[in-house]
């Protein structure tokens with residue numbers, strides 16, 4: 001077997017029907033497009049979502065809700081995670097870079113520290129936002145809270 005004598009399997013390749021090549025072909029005249037109407041014309045392209053003049057779905061379904069364009073999204077980190085990081089990495093300053101290296105936040109995330117868990121280590125915590133309970137817990141462990 002060589003490349004020059006390779007052939008597709010028998011019956012696997014069909015020749016396409018040639019339309020618009022005269023009446024003798026059986027596909028002349030209207031060329032399978034039917035009679036009249038926009039779809040029979042050359043250059044016709046249907047709009048996305050067009051339903052034949054019926055009110056389209058995206059206009060029938062009611063809209064609801066509200067998206068606040070000024071919303072600020074924070075990545076939440078609990079103080080129990082700060083305690084774990086402080087124990088494992090033996091650090092006294094925790095900032096977004098340390099949290100990123102620990103895999104808790106991504107590069108451009110804003111960080112908010114939440115008060116779930118227990119904190120024993122004395123830490124200087126730098127973040128974009130703190131909950132009241134988190135700030136109290138950090139200061140109760142003789143740490144400092146620094147807003148970025």
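Numbering (UniProt numbering), first residue to last: 1 to 148. Glycine included, each C-beta is placed from N, C-alpha and C at the ideal position. This one's a predicted model, so the numbers in the text were calculated from it and none came from an experiment.
By the 10 Å Cβ neighbour count, where 16 or more other Cβ atoms means buried, how is residue 126 classified, buried or exposed?
Along the chain shown, one-based indexing puts residue 126 at 126. Buried: at least 16 other Cβ atoms inside 10 Å.
**Study point:** Inter-residue Cα distance where the pair is residue 171 and residue 50
**Key:** Only positions 1 to 148 of the chain appear in this structure, which leaves residue 171 out of reach.
Please give the ranges of any alpha helix (DSSP H) in the stretch 25 to 81, keeping only runs that are unbroken, at least 4 residues long and fully inside the region. 57 to 60
message = Taking only three categories from DSSP, how would you classify residue 19?
response = Working through the chain shown from its first residue, we reach residue 19 at position 19. Coil at residue 19, not helix or strand.
* What's the gap between the Cα of residue 34 and the Cα of residue 28? -> Locating residue 34 in the chain shown gives position 34, where the first residue counts as 1. Locating residue 28 in the chain shown gives position 28, where the first residue counts as 1. If I take the Cα positions, the gap works out to 11 Å.
**Report entry** Sequence-distant residues of its chain with Cβ nearer than 6 Å to residue 66 (five each side left out)
**Finding:** For the purposes of this step, residue 66 is identified with residue 66 of the chain shown, where counting begins at 1. So no residue of the chain qualifies.
What first and last residue would you give for the alpha helix (DSSP H) that runs through residue 99? Working through the chain shown from its first residue, we reach residue 99 at position 99. 96 to 101 is the span of the alpha helix (DSSP H), which, as asked, contains residue 99.
Quick one, are the C-beta atoms of residue 121 and residue 141 less than 9 Å apart? The residue given as residue 121 occupies position 121 in the chain shown. The residue given as residue 141 occupies position 141 in the chain shown. Against a cut-off of 9 Å, the Cβ pair of residue 141 and residue 121 comes out as a contact.
(Q) Quick check for students: name the residue ranges of the beta strand (DSSP E) that lie wholly in the stretch 112 to 140, counting only runs of 3 or more. (A) 124 to 127
- Task: Could you work out which residue in 108, 145, 12 is closest to residue 123 when comparing CA atoms only?
- Result: Walking along the chain shown from the start, residue 123 turns up at place 123. The option with the nearest alpha carbon to residue 123 is 145.
Own chain partners of residue 76 with C-beta closer than 6 Å, once the 5 adjacent residues on each side are dropped:
Along the chain shown, read from residue 1 onward, the residue named residue 76 stands at position 76. Only 112, 114 meet the Cβ criterion.
Practice item. Leaving aside the five residues before and after residue 71 along the sequence, list all residues of the same chain whose C-beta is less than 8 Å from its C-beta, in chain order. Key: In the chain shown, counting from the first residue as 1, residue 71 sits at position 71. Contacts found: none.
Original post:
Quick one: what's got a C-beta closer than 7 Å to residue 134's C-beta in the same chain, skipping five residues either side?
Top reply: Position 134 of the chain shown holds residue 134. Excluding positions up to five away in sequence, the list reads 79, 113, 114, 115.
Beta-carbon contacts of residue 81 that lie in its chain and below 7 Å, excluding the five residues immediately before and after: Stepping through the chain shown from its first residue, residue 81 is reached at position 81. The residues are 104.
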